[in-house]
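*Asks:*
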Amino acid sequence: MQPRHSFAAIALAILACAPAEPKSLGSADERAIRQVDSLYVAAWLRDDTAAVLRTLAPDAVLMPAGQRPLATPNDIRAFWWPIDGSRTKILTFHRVIDEVAGDANLAWVRGMDTLTFTYDRGQTHSRLARRSMTLAVWRRQPDGSWRISRMMWGTRAP
């Protein structure tokens, strides 16, 4: 009978050391992510650089289609708010979120965006529209808030 007890003790020890299943993304977390996402869209519409940046994690990486990854806050600023005299102003920003999923510390948001914006540089003035697909990875921050950690987007067909 001794071997059975040893086997049972070993099995229990192994199970006790196994990693716990990650806690699933709760409805309160999903609401918090959607709220910050709404703040992100509203900040763009207000042309509020600081508010847009507050929705990003400190180590955020952005991956616009066809561009190199923007892996530092300076890279992100230079891409979205260049100091070359050009200016982009978002006029409309409509986002449809198709999926929010993840666990208690890491989540992803997949959706579609439709934007209209103006681009000015010197004598050039353009009004443009873009439709894109977006995939963002969100990470819970040490203070419990959710921020965009990674985001990629690319143009989609009408």
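The sequence shown: position 131 = 131 (my numbering), numbered continuously.
Glycine residues also receive a C-beta, built at the ideal position from the N, C-alpha and C atoms.
The structure presented is a predicted model; accordingly, all values stated were derived computationally and were not measured.
Quick one: what's Leu56 bridged to in DSSP?
*Replies:* Ile148
*Asks:* For Tyr119, is the classification buried or exposed, using 16 other Cβ atoms within 10 angstroms of its Cβ as the cut-off for buried?
*Replies:* exposed
*Asks:* CB-CB under 7 angstroms to Met133, same chain, minus the five flanking residues each way: which ones, in chain order?
*Replies:* Met112, Trp153, Gly154, Arg156
*Asks:* Closer than 6 angstroms by C-beta to His94: which residues in its own chain qualify, once you throw out the five before and the five after it? Chain order, please.
*Replies:* Thr114
*Asks:* State the beta-bridge partners of Phe117 as determined by DSSP.
*Replies:* Ile90, Leu128
*Asks:* Do you know whose CA, among Ser149, Arg139, Arg150, Ile148, lies nearest Leu25's CA?
*Replies:* Arg139
*Asks:* Considering only DSSP beta bridges, list what Ser24 is partnered with.
*Replies:* Asp103
*Asks:* In angstroms, rounded to a whole number, what distance separates the CA positions of Thr72 and Ala136?
*Replies:* 17 angstroms
*Asks:* Which value, in whole angstroms, describes the spacing of the CA atoms of Phe79 and Arg68?
*Replies:* 11 angstroms
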